[in-house]
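Trainee: Listed in order, the protein sequences are those of chains A and B.
One point on numbering: in full-length UniProt numbering, the residue at position 113 of the first sequence is 113, and numbering is uninterrupted.
One point on numbering: in full-length UniProt numbering, the residue at position 70 of the second sequence is 70, and numbering is uninterrupted.
Note that CB positions come from ideal geometry on N, CA and C, so glycine has one too.
2 protein chains.
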Amino acid sequence: MTDLMTPDQLEAALRAIGRERYHDRHPFHALLHGGKLDRGQVQAWALNRYYYQSRIPLKDSALMSRAEDPALRREWRQRVVDHDGEREGEGGIARWLHLTDALGLDRAAVIDGRGILPATRFAVDAYVRFVRERTLLEAVASSLTELFAPAIIGNRVAGMLANYDFVSRDALAYFDKRLTQAPRDSDFALDYVKREARRPDQQQDVMNALLFKCDVLWAQLDALHHAYVEPGNIPPGAFVPEGRR
Amino acid sequence: MTDLMTPDQLEAALRAIGRERYHDRHPFHALLHGGKLDRGQVQAWALNRYYYQSRIPLKDSALMSRAEDPALRREWRQRVVDHDGEREGEGGIARWLHLTDALGLDRAAVIDGRGILPATRFAVDAYVRFVRERTLLEAVASSLTELFAPAIIGNRVAGMLANYDFVSRDALAYFDKRLTQAPRDSDFALDYVKREARRPDQQQDVMNALLFKCDVLWAQLDALHHAYVEPGNIPPGAFVPEGRR
Chain A
1 MTDLMTPDQL EAALRAIGRE RYHDRHPFHA LLHGGKLDRG QVQAWALNRY
51 YYQSRIPLKD SALMSRAEDP ALRREWRQRV VDHDGEREGE GGIARWLHLT
101 DALGLDRAAV IDGRGILPAT RFAVDAYVRF VRERTLLEAV ASSLTELFAP
151 AIIGNRVAGM LANYDFVSRD ALAYFDKRLT QAPRDSDFAL DYVKREARRP
201 DQQQDVMNAL LFKCDVLWAQ LDALHHAYVE PGNIPPGAFV PEGRR
Chain B
1 MTDLMTPDQL EAALRAIGRE RYHDRHPFHA LLHGGKLDRG QVQAWALNRY
51 YYQSRIPLKD SALMSRAEDP ALRREWRQRV VDHDGEREGE GGIARWLHLT
101 DALGLDRAAV IDGRGILPAT RFAVDAYVRF VRERTLLEAV ASSLTELFAP
151 AIIGNRVAGM LANYDFVSRD ALAYFDKRLT QAPRDSDFAL DYVKREARRP
201 DQQQDVMNAL LFKCDVLWAQ LDALHHAYVE PGNIPPGAFV PEGRR
């Protein structure tokens with residue numbers, strides 16, 4: 001059994017997990033941001049990542065459905081608003097579709113998830129299920145990857161604009177919003193787990209939840225890298241960029 | 001809406017899916033059977049595949065828990081017996097541990113799933129959940145990959161014995177059993193879906209269930225291939241063979 005950490009020690013342990021395991025360290029990101037991908041590969045990334053985006057409000061709603069404290073539900077509700085918007089055409093999901101439109105993907109196919117990698121679906125569904133089934137503390141903790149998001153988003157936007165003539169600032173509007181939303185959300189979640197994880201086993205649960213979420217993100221990039229960076233590996237039924245295979 | 005097929009047309013459609021999507025077509029299998037992997041890579045395969053094996057009786061029990069017909073439950077129970085054995089040390093799972101032992105893996109680590117790829121867990125858990133949540137017809141249909149297993153097993157045993165001095169006939173005892181078990185099981189499941197899928201939408205469900213299961217198997221090999229065949233891709237926290245990284 002590990003000892004009880006102070007809240008600040010727990011925060012330090014969580015930040016150490018992010019430094020080692022967050023998907024900004026994945027080689028696919030270096031390729032994406034460094035302009036080393038072609039349009040078809042960026043399409044594959046945006047198509048698969050849409051499935052992740054589309055499931056985020058489901059997992060946030062699942063968390064709300066388990067939170068008995070109205071204050072927690074209200075705080076968390078903002079995440080759903082951020083993704084779904086106040087009306088048709090607004091919110092993060094609509095902004096992601098704006099990106100897939102700009103990349104020339106068929107919107108109906110994106111929304112249906114036609115051609116996404118099975119590994120994307122398996123990883124994302126595992127995340128939604130985790131939030132549905134684990135403790136509320138673990139569900140909150142699994143959102144903590146957002147602590148590490150602002151840095152990657154800054155790099156991404158700058159790198160993609162500098163390197164891809166098929167990507168415009170406008171197409172990347174999703175990320176502008178996330179630069180303010182992610183820190184607000186992760187500050188709240190970090191305070192929550194520092195306050196609520198009062199026993200060593202709960203602190204361990206919190207760390208394991210963050211490790212799990214890092215795996216969810218990493219596995220998605222592994223699958224993209226395998227299928228679309230190395231030649232000849234696109235699995236049967238998955239999206240094939242023009243001119244590939 | 002597609003037209004109703006005859007039972008034999010449905011069987012032909014299912015066999016066509018297997019020809020196109022079963023994981024015997026995956027490049028990792030060619031490497032495995034062709035002697036192109038080193039001991040560490042075969043260890044990684046056996047370690048990850050253990051997780052799949054270990055979950056098969058859970059999914060078969062889940063199916064039984066939903067089958068109201070005692071005859072179906074009795075038939076299906078044999079699968080659980082095959083995997084779990086009649087007593088400690090018997091059955092398919094014990095035989096798989098015999099293989100991981102022979103490959104020099106730590107048995108406690110294998111049983112705990114220490115170091116398995118997150119993608120393995122996501123794919124296998126998706127399969128168990130599918131059987132728990134979908135219709136009984138789809139649950140039965142998702143087992144139909146066993147129609148295509150005998151050919152791959154024959155190739156595997158011959159190829160591994162011929163090519164790897166660290167693999168013995170005895171270590172591969174698991175597969176000898178499967179050569180008789182898989183055809184018996186798949187004959188039953190095939191008869192079941194041919195009989196029970198009486199509407200076009202049910203026939204479509206059956207085909208989709210088989211496609212899903214092919215994805216589950218394929219995604220596991222994709223993850224192994226990415227992590228252990230191409231250099232530098234082992235995800236954080238995953239098994240690292242001696243001398244790698």
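Flag this pair as touching only if the region 160 to 177 of chain A and the region 111 to 120 of chain A have three or more C-beta atom pairs under 8 Å; answer yes or no.
Mentor: Flag = no, the region 160 to 177 of chain A and the region 111 to 120 of chain A do not touch.
Trainee: I need the straight-line Cα distance from residue 144/B to residue 207/A, nearest angstrom please.
Mentor: Whole-angstrom Cα-Cα distance: 39 Å.
Trainee: Rounding to the nearest angstrom, what Cα-Cα distance links residue 225/A and residue 226/B in this structure?
Mentor: Rounded to whole angstroms, residue 225/A to residue 226/B spans 8 Å at the Cα level.
Trainee: If you run the structure through DSSP and keep just helix, strand and coil, what is residue 169/A?
Mentor: In the structure shown, residue 169/A sits in coil (DSSP, three-state: anything other than H, G, I, E or B).
Trainee: Indicate whether residue 135/A and residue 48/A have their beta-carbon atoms separated by less than 7 Å.
Mentor: Contact flag unset, no.
Trainee: Going by DSSP in three states, residue 233/A sits in which element: helix, strand or coil?
Mentor: Here residue 233/A sits in coil by DSSP.
Trainee: I want to verify the contact list: residues of chain A whose CB lies under 9 Å from the CB of residue 112/B, in sequence order.
Mentor: By Cβ distance, chain A contributes nothing, its closest Cβ being about 14 Å from residue 112/B, past 9 Å.
Trainee: Between residue 55/B and residue 124/B, what straight-line distance do the alpha-carbon atoms span, to the nearest angstrom?
Mentor: Rounded to whole angstroms, residue 55/B to residue 124/B spans 7 Å at the Cα level.
Trainee: Using a Cβ cut-off of 7 Å (strictly closer), state whether residue 236/B contacts chain A.
Mentor: Yes, because at least one Cβ of chain A sits closer than 7 Å to the Cβ of residue 236/B.
Trainee: I need the straight-line Cα distance from residue 107/A to residue 107/B, nearest angstrom please.
Mentor: The alpha-carbon atoms of residue 107/A and residue 107/B are separated by roughly 49 Å.
Trainee: Hey, would you say the C-beta of residue 40/A is under 6 Å away from at least one heavy atom of the ligand ADP?
Mentor: Of the ligands one can find in the structure shown there are none, so the ligand ADP has no counterpart to examine.
Trainee: I need the DSSP call for residue 228/A, collapsed to helix, strand or coil.
Mentor: Three-state result, residue 228/A: helix.
Trainee: Going residue by residue through the region 121 to 177 of chain A, where are the continuous alpha helix (DSSP H) segments of at least 4 residues, counting only ones entirely within it?
Mentor: Within the region 121 to 177 of chain A, the complete alpha helix (DSSP H) runs of at least 4 residues are 136 to 141, 149 to 163.
Trainee: Would you mind working out which of 229/B, 236/B, 238/B sits nearest residue 38/B, comparing C-alpha positions?
Mentor: Of the candidates 229/B, 236/B, 238/B, the one whose C-alpha sits nearest the C-alpha of residue 38/B is 229/B.
Trainee: Can you give the Cα-Cα distance for residue 213/B and residue 239/A, rounded to whole angstroms?
Mentor: For residue 213/B and residue 239/A, the distance between alpha carbons rounds to 19 Å.
Trainee: Mind checking if residue 244/A is an interface residue toward chain B, Cβ cutoff 7 Å exclusive?
Mentor: Residue 244/A does not count as touching chain B.
Trainee: Give the secondary structure of residue 36/B by DSSP, where H, G and I count as helix, E and B as strand, and everything else as coil.
Mentor: Note: residue 36/B maps to coil in three-state DSSP.
Trainee: Buried or exposed: where does residue 203/B fall if 16 or more other Cβ atoms within 10 Å of its Cβ makes it buried?
Mentor: Flag for residue 203/B reads buried.
Trainee: Quick one: list the residues of chain A neighbouring residue 223/B, beta-carbon separation under 9 Å, in chain order.
Mentor: Residues of chain A passing the Cβ test: 119, 219, 222, 223, 226.
Trainee: Span of the alpha helix (DSSP H) holding residue 110/A?
Mentor: Its alpha helix (DSSP H) spans residues 107 to 112.
Trainee: Quick one: list the residues of chain A neighbouring residue 126/B, beta-carbon separation under 7 Å, in chain order.
Mentor: Residues of chain A passing the Cβ test: 122, 125.
Trainee: Rounded C-beta distance between residue 46/A and residue 10/A? I'm assuming under 8 Å.
Mentor: Wrong, their Cβ atoms sit about 35 Å apart, outside the cutoff.
Trainee: For the region 42 to 116 of chain A, list the alpha helix (DSSP H) runs that are entirely contained and at least 4 residues long, ordered along the chain.
Mentor: DSSP runs (the alpha helix (DSSP H)) wholly in the region 42 to 116 of chain A: 70 to 84, 91 to 102, 107 to 112.
Trainee: From this set, 19/A, 13/A, 29/A, 193/A, which residue's C-alpha is nearest residue 158/A's C-alpha?
Mentor: Nearest of 19/A, 13/A, 29/A, 193/A to residue 158/A, Cα basis: 29/A.
Trainee: Using the rule of at least 16 other Cβ atoms within 10 Å of the residue's Cβ for burial, across every protein chain shown, is residue 235/A buried or exposed?
Mentor: Counting Cβ neighbours within 10 Å, residue 235/A comes out buried, since at least 16 surround it.
Trainee: Strictly under 7 Å for the Cβ-Cβ distance: is residue 165/A near chain B by that measure?
Mentor: False, the Cβ-Cβ gap to chain B never drops below 7 Å.
Trainee: Would you kindly report the start and end of the unbroken alpha helix (DSSP H) that includes residue 7/B?
Mentor: Segment 7 to 21, the alpha helix (DSSP H) holding residue 7/B.
Trainee: Thinking just about the alpha-carbon of each residue, which of 21/A, 74/A, 41/A is nearest to the one in residue 244/A?
Mentor: Answer by Cα proximity: 41/A.
Trainee: Let me know the secondary structure DSSP gives residue 4/A once reduced to three states.
Mentor: Reduced to three states, the DSSP call for residue 4/A is coil.
Trainee: Report buried or exposed for residue 88/B, applying the criterion of at least 16 other Cβ atoms within 10 angstroms of its Cβ.
Mentor: Label assigned to residue 88/B: exposed.
Trainee: Would you tell me roughly how many angstroms separate the C-alpha atoms of residue 162/A and residue 52/A, rounded to the nearest one?
Mentor: Residue 162/A and residue 52/A: Cα-Cα distance of roughly 25 Å.
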